[in-house]
Amino acid sequence: MMEHDDVKAQIDKIKRPTDKVKYHLFPYVQEMGAAYAVADLAVTRAGASTVAELTARGLPSILIPYPYATDNHQFVNAKNLEKAGAAKIISNEDFNADQFHKTVSNLVHNPEELKKMRERAVRFGRPQAAQDLAAIILRIADKTHTEKGRKNIS
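Position in the sequence shown counted from 1, then plus 43, gives you this note's numbering.
Here's what the structure looks like:
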């Protein structure tokens, strides 16, 4: 696994393309909300929080699941997003410069595909998840409170 300094060293070696594709490479980003807000495509691991953020923002992605995650959950997360048509997967073992370049190029040079992926990410996401969870908790609390009241009356 590469450390952030190693990633930065690799980034510094990358030659900038001569075509018109604009991109920014970062070894680490502290303010992900700001980064997602200006991004057209994210390249990232596939943890649950990351996948939730990507779909909440409708951000197409290339996911590289962390291969040592417990129960391979990052692959499962990535596969679900790929099945929804919102992401592409490059496995850690298959990751190389050529594969990465091909995948990124295919997407950035195909704005219609990115648009479809964006729409699918939004449909897959649950931006109202906090409200849904709160409603479930309130229903359970109300039911529990009502049942306790009945026991006290009996």
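All residues carry an ideal CB built from backbone N, CA and C; glycine is no exception.
C-beta contact flag for residue i and residue j at 8 Å
i, j, result
"A121", "L106", "yes"
"F69", "L124", "no"
"A89", "Q117", "yes"
"N135", "P108", "yes"
"V72", "A78", "yes"
Contact with chain D by residue i, beta-carbon distance below 8 Å
i, result
"E125", "Of the protein chains in the structure, only one exists, and it is not chain D."
First and last residue of the uninterrupted beta strand (DSSP E) at residue i
i, result
"S134", "Per DSSP, S134 belongs to no beta strand (DSSP E) and is neither H nor E."
"A85", "85 to 87"
Start-to-end residues for the alpha helix (DSSP H) that takes in residue i
i, result
"L124", "116 to 126"
Helix, strand or coil at residue i according to DSSP, with G and I counted as helix
i, result
"V165", "helix"
"A150", "The residue you asked about is not Ala; residue 150 is Leu in the sequence shown. Helix at L150."
"L97", "helix"
"L102", "coil"
"H144", "helix"
"A184", "helix"
"A177", "helix"
"A82", "coil"
"A172", "helix"
"L68", "coil"
"E74", "coil"
"A91", "helix"
Beta-carbon separation (whole angstroms), residue i vs residue j, contact threshold 8 Å
i, j, result
"L157", "L84", "7 Å"
"I133", "T146", "6 Å"
"D175", "R169", "7 Å"
- request: Would you check if the stretch 123 to 140 and the stretch 85 to 103 touch, i.e. whether three or more CB-CB distances between them fall below 8 Å?
  value: yes
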